[in-house]
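Written out below as structure tokens is the structure these notes cover.
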Amino acid sequence: MKSYIYHTATETAHALIKHLIAMMKREPEKTFYFAFSGGSTPSLMFDIWANEYKSVTPWMRMRIYWVDERCVPAEDSESNYGNMRRLLLNEVGIPDEYVYPIYGANPPEKEAKSYSELVCNTVPLWGGFPAFDAVLLGAGDDGHTSSIFPGQEYLLSSFHPYEVSVNPYNGQKRIAMTGCLLFAARKLIFFITGKNKADVVRDILDSGDTGPAAYVAHHAEHVELFLDDQAKGRGKAAI
Numbered sequence: 003m004k005s006y007i008y009h010t011a012t013e014t015a016h017a018l019i020k021h022l023i024a025m026m027k028r029e030p031e032k033t034f035y036f037a038f039s040g041g042s043t044p045s046l047m048f049d050i051w052a053n054e055y056k057s058v059t060p061w062m063r064m065r066i067y068w069v070d071e072r073c074v075p076a077e078d079s080e081s082n083y084g085n086m087r088r089l090l091l092n093e094v095g096i097p098d099e100y101v102y103p104i105y106g107a108n109p110p111e112k113e114a115k116s117y118s119e120l121v122c123n124t125v126p127l128w129g130g131f132p133a134f135d136a137v138l139l140g141a142g143d144d145g146h147t148s149s150i151f152p153g154q155e156y157l158l159s160s161f162h163p164y165e166v167s168v169n170p171y172n173g174q175k176r177i178a179m180t181g182c183l184l185f186a187a188r189k190l191i192f193f194i195t196g197k198n199k200a201d202v203v204r205d206i207l208d209s210g211d212t213g214p215a216a217y218v219a220h221h222a223e224h225v226e227l228f229l230d231d232q233a234k235g236r237g238k239a240a241i
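Everything in the sequence shown is counted per my numbering, starting at 3 for the first residue and increasing by one.
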């Protein structure tokens, strides 16, 4: 596990974007398959990416998928796909056929099955499972990741690429990438910022398998953490 720590969330977002671009430039003939999470932290990254790195990103060699999605229409403000489309995809002109959204308005069980089949048919396989070049994950302050909440750890051992999960705090259904894809990825990248995430970062770095995010970080083969000072617990703002 490698950690990269920067002073602010904005600096961390810049560093992660540069990291992904450098990854693609090292293999100039390769098409890259990326799965993105939603939330406020990735939204910051999407906005910066569209405004400052549009011209240096090889968009035509990217294929865009999602780690998880809330079961809401794309026009809803909670839609991970809708937010990325608005902040990044519409701004950079990546062709629609390179973008593979989860359709949150569809019946959840049907969409989980359909998206599992789509990913299996379009992402290169490794060890019998689709292997993304990078899966970008966040972590909730309760330790959840990929919409797998504490108490739903059975999803980490599922052989169905995507399954339905439920937010225990409001009952909202979600579509979640499960363990078979998380652990097959060539690289897992956690992007975590803010002082409210300091405890879960501590669990990832120093504790046992105390929640889904920590379990994934400890058991995946290639894991990188992009953190700001507050998430790492450094400085007065994080005390």
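Every residue gets a Cβ at the ideal spot worked out from N, C-alpha and C, and that includes glycine.
Looking at chain B, is there any beta carbon in it that lies within less than 8 angstroms of the beta carbon of A219? The chain labelled as chain B is not found in the depicted structure, where only one protein chain is given.
Out of A133, W51, Y6, which one is the CA nearest neighbour of C182? Here residue 182 refers to the residue found at position 180 when the sequence shown is read from its first residue. Per the Cα distances, A133.
Element boundaries [beta strand (DSSP E), containing S5]: Taking the sequence shown and counting its residues from 1, one reaches residue 5 at position 3. Note, S5: beta strand (DSSP E), 4-8.
What separation, rounded to the nearest whole angstrom, lies between the Cα atoms of R127 and N108? By one-based count along the sequence shown, residue 127 stands at place 125. By one-based count along the sequence shown, residue 108 stands at place 106. Going by the sequence as given, residue 127 is Leu instead of Arg. Roughly 26 angstroms separates the two Cα atoms.
For A239, count the other beta carbons within 10 Å of its own beta carbon; 16 or more makes it buried, fewer makes it exposed. Which is it? As a first step, residue 239 must be located in the sequence shown, where it is residue number 237. Since pLDDT at A239 reaches only 37, below the 50 mark, its modelled position is unreliable, and no value is offered.
For I7 and K197, I'd like the C-alpha separation in whole angstroms. Indexing the sequence shown from 1 puts residue 7 at position 5. Indexing the sequence shown from 1 puts residue 197 at position 195. Approximately 13 angstroms between the Cα atoms of the pair.
Determine the extent of the beta strand (DSSP E) in which S167 is found, giving its start and end residues. Taking the first residue of the sequence shown as position 1, residue 167 is located at position 165. S167: member of the beta strand (DSSP E) spanning 164-168, first to last residue.
Using CA atoms only, rank isn't needed, just tell me which of E223, Q174, D98, A200 is closest to C73. For this step, residue 73 is matched to residue 71 along the sequence shown. C73 has its Cα closest to that of Q174, out of E223, Q174, D98, A200.
Cutting at 6 angstroms between CB atoms, please list the residues of its own chain near P60, excluding the five before and the five after it. Locating residue 60 in the sequence shown gives position 58, where the first residue counts as 1. Listed in chain order, the non-local C-beta contacts of P60 below 6 angstroms within the same chain comprise M26, local neighbours out to five positions each way being set aside.
From A186, T212, G210, residue whose alpha carbon lies closest to that of H224: Residue numbering aside, residue 224 sits at position 222 when the sequence shown is read from its first letter. It is A186 whose Cα lies nearest to the Cα of H224.
Expressed to the nearest angstrom, what Euclidean distance is found between the alpha-carbon atoms of A52 and L90? Locating residue 52 in the sequence shown gives position 50, where the first residue counts as 1. Locating residue 90 in the sequence shown gives position 88, where the first residue counts as 1. Cα to Cα, the separation comes out at about 5 angstroms.
Report the three-state DSSP secondary structure of I66 (helix, strand or coil). Translated into the one-based positions of the sequence shown, residue 66 becomes position 64. Strand at I66.
Using the Cα positions of I241 and G235, report the straight-line distance between them to the nearest angstrom. Walking along the sequence shown from the start, residue 241 turns up at place 239. Walking along the sequence shown from the start, residue 235 turns up at place 233. Legend: pLDDT at I241 = 28, less than 50; position of this residue unreliable, no value from coordinates given.
If we count the other Cβ atoms within 10 Å of its Cβ and call it buried at 16 or more, is T124 buried or exposed? For the purposes of this step, residue 124 is identified with residue 122 of the sequence shown, where counting begins at 1. Its Cβ having fewer than 16 others within 10 Å, T124 is exposed.
For S167 and D49, what's the separation of their Cα atoms in angstroms? The residue labelled residue 167 in the question sits at position 165 within the sequence shown. The residue labelled residue 49 in the question sits at position 47 within the sequence shown. When rounded, the distance between both Cα atoms is 28 angstroms.
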